[in-house]
Each structure stands twice: as C-alpha cells, then as structure tokens.
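S.K.: Protein chains in written order, with the numbering used here: chain L, 1 to 204; chain V, 205 to 408.
1. Name the residues in the stretch 185 to 200 of chain L whose C-beta lies less than 7 Å from a C-beta of chain V; which are they?
2. Which class does residue 205 of chain V belong to by DSSP, given the choice of helix, strand or coil?
3. Comparing the C-beta of residue 368 of chain V with each C-beta of chain L, is any distance below 8 Å?
4. Can you tell which of V:219, V:226, V:218, V:285 has the C-alpha that lies nearest to the C-alpha of residue 212 of chain V?
5. If you follow the alpha helix (DSSP H) that residue 65 of chain L is part of, which residue opens it and which one closes it?
6. Applying a beta-carbon distance threshold of less than 7 Å, which residues of chain L neighbour residue 354 of chain V?
7. From which residue to which residue does the alpha helix (DSSP H) around residue 88 of chain L run?
8. Quick one: grab the DSSP three-state call for residue 188 of chain L.
9. Enumerate in chain order the residues of its own chain whose CB-to-CB distance from residue 306 of chain V is below 6 Å, with the five nearest sequence positions on each side excluded.
10. Quick one: which unbroken beta strand (DSSP E) runs of 3-plus residues sit fully inside the stretch 16 to 42 of chain L? Chain order, please.
11. What three-state label does DSSP hand residue 363 of chain V in the structure shown?
12. Please list, in chain order, the residues of the stretch 103 to 116 of chain L that have any C-beta partner in chain V closer than 7 Å.
13. Going by the beta-carbon positions, is the gap between residue 296 of chain V and residue 209 of chain V smaller than 8 Å?
14. When the distance is taken between beta carbons, is residue 380 of chain V closer than 8 Å to residue 229 of chain V?
15. Based on Cα-Cα distance, which residue from L:52, L:75, L:34, L:199 lies nearest to residue 100 of chain L?
16. Whose C-beta lies closer than 8 Å to the C-beta of residue 236 of chain V among residues of the same chain, with five residues either side of it excluded?
17. If you draw a straight line from the alpha carbon of residue 109 of chain L to that of residue 162 of chain L, how long is it in whole angstroms?
18. What does residue 327 of chain V reach in chain L if we use C-beta pairs closer than 8 Å?
19. Taking the beta carbon of residue 82 of chain L as the centre, do at least 16 other beta carbons fall within 10 Å, making it buried, or is it exposed?
20. Taking all protein chains shown into account, do 16 or more other C-beta atoms lie within 10 angstroms of the C-beta of residue 1 of chain L, making it buried, or fewer, making it exposed?
21. Which chain V residues sit within Cβ distance under 9 Å of residue 153 of chain L?
22. Going by DSSP in three states, residue 98 of chain L sits in which element: helix, strand or coil?
23. At 7 Å on the CB atoms, spell out the chain L contacts of residue 385 of chain V, in chain order.
24. So with CB distances below 9 Å, who are the chain L contacts of residue 376 of chain V?
25. Is residue 315 of chain V closer than 8 Å to residue 276 of chain V when the C-beta atoms are compared?
26. According to DSSP, what are the bridge partners of residue 123 of chain L?
27. By DSSP, does residue 52 of chain L sit in helix, in strand, or in coil?
28. Taking residue 257 of chain V as the reference, which of V:382, V:273, V:248 has the closest Cα?
29. From what residue to what residue does the beta strand (DSSP E) around residue 317 of chain V run?
30. So, with DSSP's three-state summary, where would you put residue 71 of chain L?
31. Could you check if residue 401 of chain V is buried or exposed, using at least 16 other CB atoms within 10 Å of its CB as the buried criterion?
32. Thinking residue 166 of chain L and residue 124 of chain L are a contact (beta carbons under 8 Å), I'd like their distance in whole angstroms, please.
33. Confirm the yes/no value for this check: CB of residue 406 of chain V, any heavy atom of the ligand GTP, distance under 7 Å.
34. Report back the beta-carbon spacing between residue 284 of chain V and residue 349 of chain V to the nearest angstrom; my notes put them in contact at under 8 Å.
Right under this line is the structure:
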C-alpha cells in the first residue's frame, strides 16, 4: 500500500530565513522527509562537503545536466549555477518519501510548472503582516523610505499569490510548527489518498 | 484587519461517529469555532433544549424557511425535516468566526454547491483503510458478506471524492487532532490570507 511521496517546496523572498527554517526542520524528528541537496558550480568552501552542502560540479557538467533535462530548476547568480537535480527528487518521491526543496522564488515557479502536485509554501517576512502599523505608528521614516518599503511589500504579496500557503517567519519554532502542520494535513487531502483507497478495493 | 470566518463541514457515512467527534471538538479549547445548531421538525426529547440540541420548529415553519431560501441544506428523514439555517452561519462567518457543520453526506453536497470556499472533511470508518487485510486474513466471511462489504466500501470511496480531506475515525482523539491540524493549516492558505495582506498595503 505504498503511495508516492509529497514534494514540499519552501520558498520566499531573499533574506526571509528559508535556510534557517529548513535546518530547524531537518533537526526535528516528528516529521519524516528528505532534503534535496542542490547542485552548484561555485567553489567548495572550507568545511563544506560534496553531496551534503551541495553537489559541486564544473560549469560544463552543470550545462550538460541542463541540456539533458536533468535539472528540475536552476538559475545563475553571480556567474555560478545553482539548481535542483531532478533524479534524486523523483527517486525519493517514487519510493514514497516526502522531499523538501528550499529554493528561491524563481526556482519555485519553475518547479511548480513541472510538479503542480507539490505543496508550495511561501515564507513571509515578519514585518509584512505588521507593515501598516509600523508605517503609521513610527512616523520617523521619510516618504522615500516608506515608498520603497511599500514597493517591496507589493512585490512580496505578488509572489505569495503563486503559492498554496503563507507562513510568517516570526519565530523559527512557530514557522516550523506551522509547516509541519501543513505537511500533516496535506497528507490527508483526498486527491493524495483516494488512489490508496481505490487500490484497497481493487479499483486501480 | 478582520477576515471572514471559515466554514468547516464535517461529514461522512452514517454510523461513522461524526457526532462524537464533533462533541469532542467542542470540548477542546485549543481551536475557536462555533457550532451551527441544526433545525428540525421532530419532537423535542426529554433533556433536549431548543437552540442547543436543535432549533425545534413545526412542519409549516420549516417549509416556510425552505421557501424563503433560509436553509443552507436540508433533508427529510422518516417524516421529519432536518437542516441548517443559513442566517446563523452567514452571521458568524461575516463576524470572522469559524463555523462547524456536522451533517450527512447529502447535506454536505448541498452546502458545497453554495459555499465552495468551505473546508470539506470526510470522516472514514476505521475499517475502510484495512478492508483488504480484513477480508483476506479472516477468511471466515461468505462470499455474500464480502460482496456487501465491498459494495459499501466502494460507495464510501465515491462519497469521499467530493471532499477536501479524509480523516480516519480510528480513535476520537486522533481524529480530533487531525481535524484541528486541518483547520490550522487551512487558515494559512494563500487564497484565505492574501486579501488581508493586500488590505495592509491599501490595494483592496
């Protein structure tokens, strides 16, 4: 009675604390899932390990992967490629294991195109929900600063609309708890379980 | 920054224990919601209270409500009407309170037509997930009993496909915990929160 694993995509604006939340989730044992290690062409830093922090590859190797359709998503930042190899994700999902990706918003949208069944979680900065209060109560910012902050907030809300869930990263344990709750509930969604039930009665 | 409340519809095959689960949920304080009291034309039994167990109405009163579009859903069982008055549900939702309905599957489908934004939870009997194991391992049932059980299981799976979530009612506290998790997670869904964010930046 094995079902396919669930793809969980954790994303959000840069600087929101995606990596910290992801690490906190990996250290918790109450939910079982695997983390998909990214691939990059940047140099390995002291203390980093190939296959743990990243799969470290040459430019040529990475571009071969792209050509061969081996990347679920990728992007180039400051002359280096970063991306998610498709193979590992598929293998784990087929084996019934949930897979967590922690990626930038552009990458998340690439993944959503290819894997619409995944669970897409947008981590929001803690100041987004309290934005208006902060702006109106502080009164110390000049018009330019306020405009800039409003622009940023608008962008983040636009991004959010492409996701299934919005989780405020106010405190790491709060955010982790909410994400775990989302994962548990998503496993109860009828489209995810009905095939299992149909299999039981031999209707598959 | 008030948002509309969420409609939660708890349903499932008769005898699955909907009422017990609903009562267990009402006795817990960790989640705040109101329970929508049903309306009926059957006679009040000793110990029952009007407006608590049911709104007790005459046949004429109930049929007037139907005519005036005042019922969110209703059905007739054994010469008596049972149904959910629309007014209370709408008032609570508008005030930002979550409302729980515990109703039969036919009623749930009537509600889904009118309120597609609700969260529809199907409570499954504990023997549905283990059906095949029970059938193949016991070996004591005659063919007719097995056929009947398979028919019943098929019906239940068909019903389930109209819901958002399937929760096994194996033990009451387990089912309650899962339903609470679903409610919490549903409150984080982007379509439910994005208007609130847009309001913050004055885009509503």
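Ideal placement from N, C-alpha and C gives every residue a C-beta, glycine not left out.
Computed from a prediction, not measured in an experiment: that's the story for all the values here.
M.R.: Answer, in terms of the structure:
1. 185, 188, 189, 190, 193, 194, 197, 198, 200
2. Looking up residue 205 of chain V in the second chain gives position 1. Confidence at residue 205 of chain V is low in this model, with a pLDDT of 40, below 50, so its placement is unreliable and no value can be given for it.
3. Within the second chain, residue 368 of chain V is the residue found at index 164, counting from 1. Cβ-Cβ to chain L under 8 Å: yes for residue 368 of chain V.
4. Mapped onto the second chain, residue 212 of chain V falls at position 8. The candidate whose alpha carbon is nearest that of residue 212 of chain V is V:226.
5. Numbered from its first residue, the first chain carries residue 65 of chain L at position 65. Segment 59 to 67, the alpha helix (DSSP H) holding residue 65 of chain L.
6. Numbered from its first residue, the second chain carries residue 354 of chain V at position 150. Per Cβ cutoff of 7 Å: 201.
7. Walking along the first chain from the start, residue 88 of chain L turns up at place 88. 86 to 94 is the span of the alpha helix (DSSP H), which, as asked, contains residue 88 of chain L.
8. In the first chain, counting from the first residue as 1, residue 188 of chain L sits at position 188. Coil at residue 188 of chain L, not helix or strand.
9. Mapped onto the second chain, residue 306 of chain V falls at position 102. Here the set comprises 214, 222, 226.
10. none
11. In the second chain, counting from the first residue as 1, residue 363 of chain V sits at position 159. In this structure, residue 363 of chain V counts as helix in the three-state DSSP scheme.
12. none
13. Stepping through the second chain from its first residue, residue 296 of chain V is reached at position 92. Stepping through the second chain from its first residue, residue 209 of chain V is reached at position 5. A contact, by the Cβ cut-off of 8 Å.
14. On the second chain, residue 229 of chain V is found 25 positions in, with the first residue counted as 1. On the second chain, residue 380 of chain V is found 176 positions in, with the first residue counted as 1. Yes; because the gap between Cβ atoms is below 8 Å, this pair is in contact.
15. The residue you call residue 100 of chain L lines up with position 100 of the first chain. Checking every option, the nearest Cα to that of residue 100 of chain L belongs to L:34.
16. For the purposes of this step, residue 236 of chain V is taken as the residue at position 32 of the second chain. For residue 236 of chain V, where only same-chain residues beyond five positions count, the Cβ hits under 8 Å are 301, 302.
17. If you number the first chain from 1, residue 109 of chain L lands on position 109. If you number the first chain from 1, residue 162 of chain L lands on position 162. Approximately 8 Å, taken between the alpha carbons.
18. Walking along the second chain from the start, residue 327 of chain V turns up at place 123. By Cβ distance, chain L contributes nothing, its closest Cβ being about 11 Å from residue 327 of chain V, past 8 Å.
19. As a working note, residue 82 of chain L is residue 82 in the first chain. Label assigned to residue 82 of chain L: buried.
20. As a working note, residue 1 of chain L is residue 1 in the first chain. Here residue 1 of chain L scores only 39 on pLDDT, less than 50, and its place in the model should not be relied on; the value that follows carries that caveat. The residue in question, residue 1 of chain L, is exposed, as its Cβ has fewer than 16 Cβ neighbours within 10 Å.
21. Counted from its first residue, the first chain places residue 153 of chain L at position 153. By Cβ distance, chain V contributes 401, 404, 405.
22. Position 98 of the first chain holds residue 98 of chain L. Three-state DSSP puts residue 98 of chain L in coil, outside helix and strand.
23. Reading the second chain from its first residue, position 181 is the one you call residue 385 of chain V. Those within 7 Å of residue 385 of chain V in chain L are 181, 184, 185.
24. Residue 376 of chain V sits at position 172 when you count from the first residue of the second chain. In chain order: nothing, as chain L lies at least about 16 Å away.
25. Stepping through the second chain from its first residue, residue 276 of chain V is reached at position 72. Stepping through the second chain from its first residue, residue 315 of chain V is reached at position 111. Contact: yes.
26. Within the first chain, the letter at position 123 stands for residue 123 of chain L. Looking at the DSSP assignment, residue 123 of chain L forms a beta bridge with L:167.
27. Residue numbering aside, residue 52 of chain L sits at position 52 when the first chain is read from its first letter. Here residue 52 of chain L sits in coil by DSSP.
28. Within the second chain, residue 257 of chain V is the residue found at index 53, counting from 1. Cα-wise, what sits closest to residue 257 of chain V is V:248.
29. Residue numbering aside, residue 317 of chain V sits at position 113 when the second chain is read from its first letter. No beta strand (DSSP E) holds residue 317 of chain V; the alpha helix (DSSP H) holding it covers 309 to 318.
30. Position 71 of the first chain, counted from the first residue, corresponds to residue 71 of chain L. Strand, per DSSP.
31. One-based indexing of the second chain puts residue 401 of chain V at position 197. By the neighbour-count rule (16 or more Cβ atoms within 10 Å), residue 401 of chain V is buried.
32. Your numbering for residue 166 of chain L matches position 166 in the first chain. Your numbering for residue 124 of chain L matches position 124 in the first chain. With a Cβ gap of about 5 Å, residue 166 of chain L and residue 124 of chain L count as contacting.
33. For the structure depicted, the ligand GTP is absent and the ligand set is empty, with no information on it obtainable.
34. Counted from its first residue, the second chain places residue 284 of chain V at position 80. Counted from its first residue, the second chain places residue 349 of chain V at position 145. Not confirmed; about 32 Å, so no contact.
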